[in-house]
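Participant:
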Amino acid sequence: MAVVARRVRIEGIVQGVGFRPFIYRLARERQLAGTVLNDSQGVLIEIEGERRGIESFLAAIETELPPLASISGFQVVDSVPTGQSGFVIVESQSAQRRVAQIAPDSYVCPDCLRELFDPNDRRYRYPFINCTNCGPRYSIVTDIPYDRPLTTMVDFPMCPACQAEYEDPVSRRFHAQPNACADCGPQLTFADENGQLIAAAEPLVEAIERLRAGQIVAVKGLGGYHLAVDATNDEAVKRLRQRKHRDEKPFAVMAYNLEQICRFSHVSPGEERLLTSVERPIVLLRQRKDHGLSLEVAPKNKFFGTMIPYTPLHYLLLEQFHAIVMTSGNQGDEPIAFENSDAQNRLEGIADCYLQHNRRIHIRTDDSIARLLDGEPVLYRRSRGYVPRGVKLSGEQKPVLAVGAELKNTICLTRGDRAFLSHHIGDLKNQTVVDSMKQAIDHFQGLLEVQPTIIAHDLHPDYLSTHVAEELAGESNLVAVQHHHAHLASCLTDNGRNEAAIGVIFDGIGYGNDGHIWGGEFLVGDLYDFERVGQFAYRPMPGGDAATKEPWRMAVSYLQAVYGNKLPDLPFLQDVESSGLNLLLQMIEKQLNSPLTSSVGRLFDAVAALVGLRNRVSYEGQAAFELEMLIAASGEAEAPYRFDVVAAAGLLQIDAVPMIKALVADLRAGIEPAVVSARFHNGLAQTIVDVCRQIRGERGVLPVALSGGVFQNRYLTERSAKLLREAGFDVLLHRQVPPNDGGLALGQAVIAGARAGHE
Amino acid sequence: LGHGSGGKLSHQLLDELIIPTLSQVAQSDQNDAAILEGIDSTRLAFTTDSYVVDPIIFPGGNIGDLAINGTVNDLAMSGARPLAISVGLILEEGLALAELREVLQAMKAAADKAQVKIVTGDTKVVPRGKGDKIFINTSGIGVFDHDLKILGNAAKPGDKILINGSIGDHGMAVLASREGLDLQSDIATDSMALNHLVTKLLAEFGENVHVLRDPTRGGVATTLKEIALQSQVDICLQETELPITQTVAGACSILGLDPLFVANEGKLLAIIDAEKADAALALMRSQPEGGGAAIIGDVVEKSSGRVMMQTAIGGMRAIEMLAGEQLPRIC
Ligand SMILES: [Fe+3]
Ligand SMILES: [Mg+2]
Ligand SMILES: [Zn+2]
Ligand SMILES: [Zn+2]
Chain A
667 MAVVARRVRI EGIVQGVGFR PFIYRLARER QLAGTVLNDS QGVLIEIEGE
717 RRGIESFLAA IETELPPLAS ISGFQVVDSV PTGQSGFVIV ESQSAQRRVA
767 QIAPDSYVCP DCLRELFDPN DRRYRYPFIN CTNCGPRYSI VTDIPYDRPL
817 TTMVDFPMCP ACQAEYEDPV SRRFHAQPNA CADCGPQLTF ADENGQLIAA
867 AEPLVEAIER LRAGQIVAVK GLGGYHLAVD ATNDEAVKRL RQRKHRDEKP
917 FAVMAYNLEQ ICRFSHVSPG EERLLTSVER PIVLLRQRKD HGLSLEVAPK
967 NKFFGTMIPY TPLHYLLLEQ FHAIVMTSGN QGDEPIAFEN SDAQNRLEGI
1017 ADCYLQHNRR IHIRTDDSIA RLLDGEPVLY RRSRGYVPRG VKLSGEQKPV
1067 LAVGAELKNT ICLTRGDRAF LSHHIGDLKN QTVVDSMKQA IDHFQGLLEV
1117 QPTIIAHDLH PDYLSTHVAE ELAGESNLVA VQHHHAHLAS CLTDNGRNEA
1167 AIGVIFDGIG YGNDGHIWGG EFLVGDLYDF ERVGQFAYRP MPGGDAATKE
1217 PWRMAVSYLQ AVYGNKLPDL PFLQDVESSG LNLLLQMIEK QLNSPLTSSV
1267 GRLFDAVAAL VGLRNRVSYE GQAAFELEML IAASGEAEAP YRFDVVAAAG
1317 LLQIDAVPMI KALVADLRAG IEPAVVSARF HNGLAQTIVD VCRQIRGERG
1367 VLPVALSGGV FQNRYLTERS AKLLREAGFD VLLHRQVPPN DGGLALGQAV
1417 IAGARAGHE
Chain B
146 LGHGSGGKLS HQLLDELIIP TLSQVAQSDQ NDAAILEGID STRLAFTTDS
196 YVVDPIIFPG GNIGDLAING TVNDLAMSGA RPLAISVGLI LEEGLALAEL
246 REVLQAMKAA ADKAQVKIVT GDTKVVPRGK GDKIFINTSG IGVFDHDLKI
296 LGNAAKPGDK ILINGSIGDH GMAVLASREG LDLQSDIATD SMALNHLVTK
346 LLAEFGENVH VLRDPTRGGV ATTLKEIALQ SQVDICLQET ELPITQTVAG
396 ACSILGLDPL FVANEGKLLA IIDAEKADAA LALMRSQPEG GGAAIIGDVV
446 EKSSGRVMMQ TAIGGMRAIE MLAGEQLPRI C
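Keeping their order, the protein sequence lines are chains A and B. Counted the way this note's numbering counts, the first sequence spans residues 667 to 1425. Counted the way this note's numbering counts, the second sequence spans residues 146 to 476.
1) Could you check whether the Cβ of lysine 1256/A sits closer than 9 Å to any Cβ belonging to chain B?
2) Do you know how far the Cα of alanine 1139/A is from the Cα of leucine 328/B?
3) Pairing CB atoms from the region 1338-1353 of chain A with CB atoms from the region 1297-1309 of chain A, are three or more of them under 8 Å?
4) Rounded C-beta distance between histidine 1090/A and glycine 715/A? I'm assuming under 8 Å.
5) Between cysteine 775/A and ligand 3, is there a pair consisting of the residue's CB and a ligand heavy atom that are separated by less than 8 Å?
6) So that I know if they touch, is there some Cβ in chain B lying closer than 9 Å to that of aspartate 1271/A?
7) Using the C-alpha atoms, what's the distance from aspartate 194/B back to glycine 205/B?
8) List, in order along the chain, the chain A residues whose C-beta lies closer than 8 Å to that of glutamate 465/B?
9) Going by alpha carbons, who is nearest to valine 1416/A out of Ala830/A, Ala1351/A, Arg1081/A, Arg907/A?
10) Counting only beta-carbon separations shorter than 9 Å, does glycine 460/B have a partner in chain A?
11) Classify glycine 708/A as helix, strand or coil using the three-state DSSP reduction.
12) Less than 9 Å between CB atoms is the rule here; does serine 994/A satisfy it with respect to chain B?
13) If you draw a straight line from the C-alpha of valine 1069/A to the C-alpha of serine 1156/A, how long is it?
14) Please decide whether threonine 729/A counts as near chain B, where near means a Cβ-Cβ distance under 9 Å.
15) Got a sec? Which residues, its chain only, sit under 6 Å from serine 678/A by beta carbon, not counting five neighbours each side?
16) List the residues that DSSP assigns as beta-bridge partners of histidine 1023/A.
17) Quick check on the DSSP output: what are the complete beta strand (DSSP E) runs of length 3 or more inside the region 1195-1255 of chain A, in order along the chain?
18) If you draw a straight line from the alpha carbon of isoleucine 286/B to that of leucine 405/B, how long is it in whole angstroms?
19) For glutamate 712/A and arginine 673/A, which I take to be in contact (beta-carbon distance under 8 Å), what is that distance rounded to the nearest angstrom?
20) If the cut is a Cβ gap below 7 Å, which residues of chain A does arginine 451/B touch?
21) Going along chain A in order, which residues have a C-beta closer than 8 Å to the C-beta of proline 473/B?
22) Inspect the CB distances between the region 1158-1173 of chain A and the region 1360-1378 of chain A and report whether three or more fall short of 8 Å.
23) Taking Cβ positions only, does threonine 385/B come closer than 9 Å to chain A?
24) Buried or exposed: threonine 1214/A, going by 16 or more other Cβ atoms within 10 Å of its Cβ?
25) Could you please go through the chain and list the residues whose beta-carbon is closer than 7 Å to any non-hydrogen atom of ligand 1?
26) Which residues of the region 1056-1076 of chain A have a Cβ closer than 9 Å to any Cβ of chain B? Give them in chain order.
27) Classify histidine 1123/A: buried if its beta carbon has 16 or more other beta carbons within 10 angstroms, exposed otherwise.
28) Check whether the Cβ of valine 1100/A lies closer than 9 Å to any Cβ atom in chain D.
29) For phenylalanine 623/A, which of helix, strand or coil comes out of DSSP?
30) Given 8 Å as the limit, tell me if asparagine 799/A has its C-beta closer than that to any heavy atom belonging to ligand 6.
31) Determine the extent of the alpha helix (DSSP H) in which arginine 1362/A is found, giving its start and end residues.
32) Relative to the C-alpha of glycine 209/B, which candidate in Pro388/B, Asp185/B, Lys278/B has its C-alpha closest?
33) Which of helix, strand or coil does DSSP assign to histidine 1476/A?
34) Can you give me the start and stop residues for the alpha helix (DSSP H) that tyrosine 981/A sits inside?
35) So what's asparagine 860/A in DSSP terms, helix, strand or just coil?
36) Below 9 Å between beta carbons: does that hold for methionine 337/B and glutamate 247/B?
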């Protein structure tokens, strides 16, 4: 028998995720000898034995990978057999600096779940059960290297039983940093509305009773607090809406398992995979007609944002419920609460009581939100479960800090050939969010051990993120990046590309190079630079941000383009005071606080108002989302509205006038809004293809990247992608990062990196 | 108005209109420089400002009283008692004499009311198209009757922030009038001199008054941000306490403008020791310039100079200076 030896070097998320015990098991199973150790780059394996065994061992590393591990580099070289026997895990040298990646927080693995409900297990119903294959990571890490003293688990010295598991290489809990049990680990407590501990109560039992009684329970989870109420209790959900000042924005719900979810939502196999993935995002699922949940959960919505439990505590809490609302524990636009004392301050007047625990959350992470689009998941919000997983870049670049956009802010740090997009920080309207953004920057720089000297920010002079960049600048180079170029670069990077592409960037709004407000752009560009080759013809946005909150303003703006000040008498105008309407028309005429915009997001708003959906929105993107949901099942068959495309001054101008005319004629002829919406969507999709063909005619064959907040619209995205593919285009959609501003920082970072590389 | 060559026409304008309207100085006493006598102070305040506004006449005032009040207020905000003012007029050929007369009369009335003298001046007429009806520069000198140091860097944690009345009136009045906007009811400028009010505040509260500032261009938001940066403190406003008239609020709402960034010309922000804040508020309210006074926020702590506002629904909005106009930001 010929003995061969190999040295295997593995990079990626391979520490703190049960990787060494996994390798140990694979080697033992195949009677191979050698060692495995953690070092600064990841994991190093020396393996020797019979050739076939080694081949099978190497294959198994990739096929049987532990759930939380992910491999970004895998290198095998021949080495010389030493004739040793047995396989051992070598302790890491403590002095060594470890820069391996921190794993995201994750679900409860099947083994832990089994133990949780096994009356004979020593962790039976212990709400903080975890192992190297599951549990908290990112949210409890205070510093690197990832070791118990540098996590918030430092507060809990392990009991002998836990310590023994921790030290046993064959245990699932070997070096599981959050390892704990009821004897030594975190404990639940229950507090009343004033934050007074109720010692007599069994916390979990008490919380369940309160939920049953319709109370609002603040539940401390993995990345922060949730506000929970029974999702079938109309009054309770209504009360939560009132107290949270949240009018219509849908609440997320959590249900015990798939079977429960199928009672109120339709679940496709792809959605099932997404729901049960280790990341456990909130998944947008189509509601069943007979869903049985309170209509207040998601008013005027055809979807439920749904998740299944991702911590042991959630499992224990959910056991007896159909579904509970689990919405972020915050007021309005404040960041989610995550510290016990802070939660009581900030949730005062909202929560009736608190189910909390004493495991500190170091970094808050909101739930991630995903949807199936074109058969694959797309993220609307990338946070818990995904962060801080890196995005592979096309090559090494200088370290960059990118500070992202104003809304849905995330920041991005690059190190080597990876970009690390932060957890969801939120809308930078509030000081608390700005402060938490600065903390996130510090924390991220600490974890990744990079201090970039290049800071990328949006071109918008008044974004609060721009102010933060200026504040942090010091000796660093500030790089201003145009918003929609960043969207394009984000989409390219998301798809592992770095070549030039056509960027179809349909968005809310972004500050343009010409000082106008962009948002319906056709760019040709790469990671370094771009050129605008097409745009939707500018329309005034009367009142600036007020036009985003009140879609009727854009409806009037578009009508005015066609009919002047003699507007056709459409139903949506009945809800508008005539004095206000006159003033708005004057504003448009006099260009008074009416910045020009090419935004397709605002065009969606206009159409939503025109068909009578709504004149005002209570949350971002509401009108556009409702317009999408309106589309009839026969939608694909409806004739598209026509947009004019005219070449002017080297720019393809897309004019919505013919579309508006046809739409108004349809409305007057009594055509259903559902059909109007379909014709509008189809018209946009057709226009995308037409314009891309024209660009191809002039510029040659290029892939097409679809990015910007509008491409959260499943109907538009799928139809556009289909038509583009039929026309022979290579279509790039977002997969790892959101198409909305939550993915913007990635684009900013790679553009600044590309520019630094050109110097 | 004809083109001024510095010759007869200009002289005629001065002799027949400007000097008789503005100045106590007899035309025969006209010299190249005004001589200020009887000032025995070792500390003087000196300021200058230029006024360009379209239209030059708007509800509640015109560019003339604006120019006087503005310079009086700049002096008053340093704690000085305004004494003398210079007026530089740049007139565009074609300006109606009646309009000029109205402006001059308003200047005179404003100066009288503020008890300052217009002691020197200059007039130029530029060809049509080289100006915009009328530009005014005013400079002013004030004296200190006390040793107080009223400076932008003197805000202290714990202080209260007072304002003497409603915000946004001036900016909205000028805008509505310029654009001929059909608002439900008229908005008039708040332009007025605040030196008497300041004198009373200082006489009563002296060292308890830390900062005085008139929130003109850029509005209350920009002015407070400047103070926060100068004093290296955090400032927290209460949205529900901001005095704002319904008309201004309504106009701002339809126009999509944030009244916090709209200009005022008869308002002062006073940052005062907390224990004297209520008394100062009462004093303000007893005065003609402060009927609508309010305590609108607090200086909360030493820091890098953040300004935030507790909103009606409980959020804590971050406020920064704007680069230029109010631009849309919501994606
Ligand atoms: Fe965007
Ligand atoms: Mg001034
Ligand atoms: Zn586990
Ligand atoms: Zn234990």
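Glycine included, every Cβ here is placed at the ideal spot set by N, Cα and C.
Facilitator: The answer reads as follows:
1) In the first sequence, counting from the first residue as 1, residue 1256/A sits at position 590. By this cut-off, lysine 1256/A is an interface position.
2) Residue mapping note: residue 328/B aligns to position 183 of the second sequence, counting from 1. Residue mapping note: residue 1139/A aligns to position 473 of the first sequence, counting from 1. C-alpha separation (whole angstroms): 45 Å.
3) Cβ pair count under 8 Å is three or more, so yes.
4) Position 424 of the first sequence, counted from the start, is the residue given in the question as residue 1090/A. Position 49 of the first sequence, counted from the start, is the residue given in the question as residue 715/A. Between histidine 1090/A and glycine 715/A the beta-carbon gap is near 47 Å, outside 8 Å, which marks them as no contact.
5) Start at 1 with the first residue of the first sequence, and residue 775/A comes out as number 109. Between ligand 3 and cysteine 775/A, a heavy atom-to-CB distance of less than 8 Å is present.
6) Numbered from its first residue, the first sequence carries residue 1271/A at position 605. It does not: the Cβ of aspartate 1271/A has no partner Cβ on chain B nearer than 9 Å.
7) Along the second sequence, one-based indexing puts residue 205/B at 60. Along the second sequence, one-based indexing puts residue 194/B at 49. In a straight line, the C-alpha of glycine 205/B is about 21 Å away from that of aspartate 194/B.
8) If you number the second sequence from 1, residue 465/B lands on position 320. Chain A residues near glutamate 465/B: Asp1128, Leu1130, His1133.
9) Against the first sequence, residue 1416/A aligns to sequence position 750. Ranking Ala830/A, Ala1351/A, Arg1081/A, Arg907/A by Cα distance to valine 1416/A puts Arg1081/A first.
10) Here residue 460/B is taken as the residue at index 315 of the second sequence, counted from 1. With 9 Å as the cut-off, glycine 460/B counts as an interface residue toward chain A.
11) The sequence position of residue 708/A within the first sequence is 42, counting from 1. DSSP, read as helix, strand or coil, puts glycine 708/A in strand.
12) Along the first sequence, read from residue 1 onward, the residue named residue 994/A stands at position 328. It does not: the Cβ of serine 994/A has no partner Cβ on chain B nearer than 9 Å.
13) Reading the first sequence from its first residue, position 403 is the one you call residue 1069/A. Reading the first sequence from its first residue, position 490 is the one you call residue 1156/A. Pairing valine 1069/A with serine 1156/A, the inter-Cα distance amounts to about 14 Å.
14) Sequence index remark: in the first sequence, residue 729/A carries index 63 (1-based). No, because no Cβ of chain B sits closer than 9 Å to the Cβ of threonine 729/A.
15) Indexing the first sequence from 1 puts residue 678/A at position 12. Contrary to the premise, residue 678/A reads as glycine rather than serine in this sequence. Result list for glycine 678/A: Ser736, Ile737, Ser738, in chain order.
16) Start at 1 with the first residue of the first sequence, and residue 1023/A comes out as number 357. Per DSSP, Leu854/A.
17) Within the region 1195-1255 of chain A, the complete beta strand (DSSP E) runs of at least 3 residues are 1196-1202.
18) Looking up residue 286/B in the second sequence gives position 141. Looking up residue 405/B in the second sequence gives position 260. Distance between isoleucine 286/B and leucine 405/B, taken at the CA atoms: about 30 Å.
19) Indexing the first sequence from 1 puts residue 712/A at position 46. Indexing the first sequence from 1 puts residue 673/A at position 7. Confirmed, Cβ separation roughly 6 Å.
20) By one-based count along the second sequence, residue 451/B stands at place 306. Correct list: Gln1097.
21) Looking up residue 473/B in the second sequence gives position 328. Within 8 Å Cβ-Cβ: Ile1175, Ile1183, Met1207, Gly1210, Asp1211, Ala1213, Thr1214, Pro1261, Thr1263.
22) Result yes; three or more Cβ-Cβ pairs closer than 8 Å.
23) Walking along the second sequence from the start, residue 385/B turns up at place 240. Put simply, the CB of threonine 385/B is far from chain A, with every gap to its CB atoms at 9 Å or more.
24) Looking up residue 1214/A in the first sequence gives position 548. Around the beta carbon of threonine 1214/A, 16 or more other beta carbons lie within 10 angstroms, which makes this residue buried.
25) Matched residues: Ala1071/A, His1149/A, His1153/A, Asp1173/A, Gly1174/A, Gly1176/A, Gly1374/A, Gly1375/A, Asn1406/A, Asp1407/A, Leu1410/A, Cys476/B.
26) Identification of residues in the region 1056-1076 of chain A having a C-beta nearer than 9 Å to some C-beta of chain B yields Ala1071, Glu1072, Leu1073, Lys1074, given in sequence order.
27) Translated into the one-based positions of the first sequence, residue 1123/A becomes position 457. Counting other Cβ atoms within 10 Å of its Cβ, histidine 1123/A reaches 16 or more and is therefore classed as buried.
28) Absent from the structure is chain D; the protein chains it does hold are A and B.
29) Since the displayed chain A opens at 667 and closes at 1425, residue 623/A lies outside it and no answer follows.
30) Annotation note on ligand 6: not contained in the displayed structure, which lists ligand 1, ligand 2, ligand 3 and ligand 4 as its ligands.
31) Position 696 of the first sequence holds residue 1362/A. First-last of the alpha helix (DSSP H) with arginine 1362/A: 1339-1365.
32) Looking up residue 209/B in the second sequence gives position 64. In terms of CA proximity to glycine 209/B, Lys278/B leads the group Pro388/B, Asp185/B, Lys278/B.
33) Absent from the structure is residue 1476/A, since the part of chain A shown begins at 667 and ends at 1425.
34) Position 315 of the first sequence holds residue 981/A. Run containing tyrosine 981/A: 978-984, per the alpha helix (DSSP H) assignment.
35) Here the question's residue 860/A lines up with position 194 in the first sequence. When DSSP states are grouped into helix, strand and coil, asparagine 860/A belongs to the coil group.
36) Position 192 of the second sequence, counted from the start, is the residue given in the question as residue 337/B. Position 102 of the second sequence, counted from the start, is the residue given in the question as residue 247/B. Taking a C-beta distance under 9 Å as the contact criterion, methionine 337/B and glutamate 247/B do not qualify as a contact pair.
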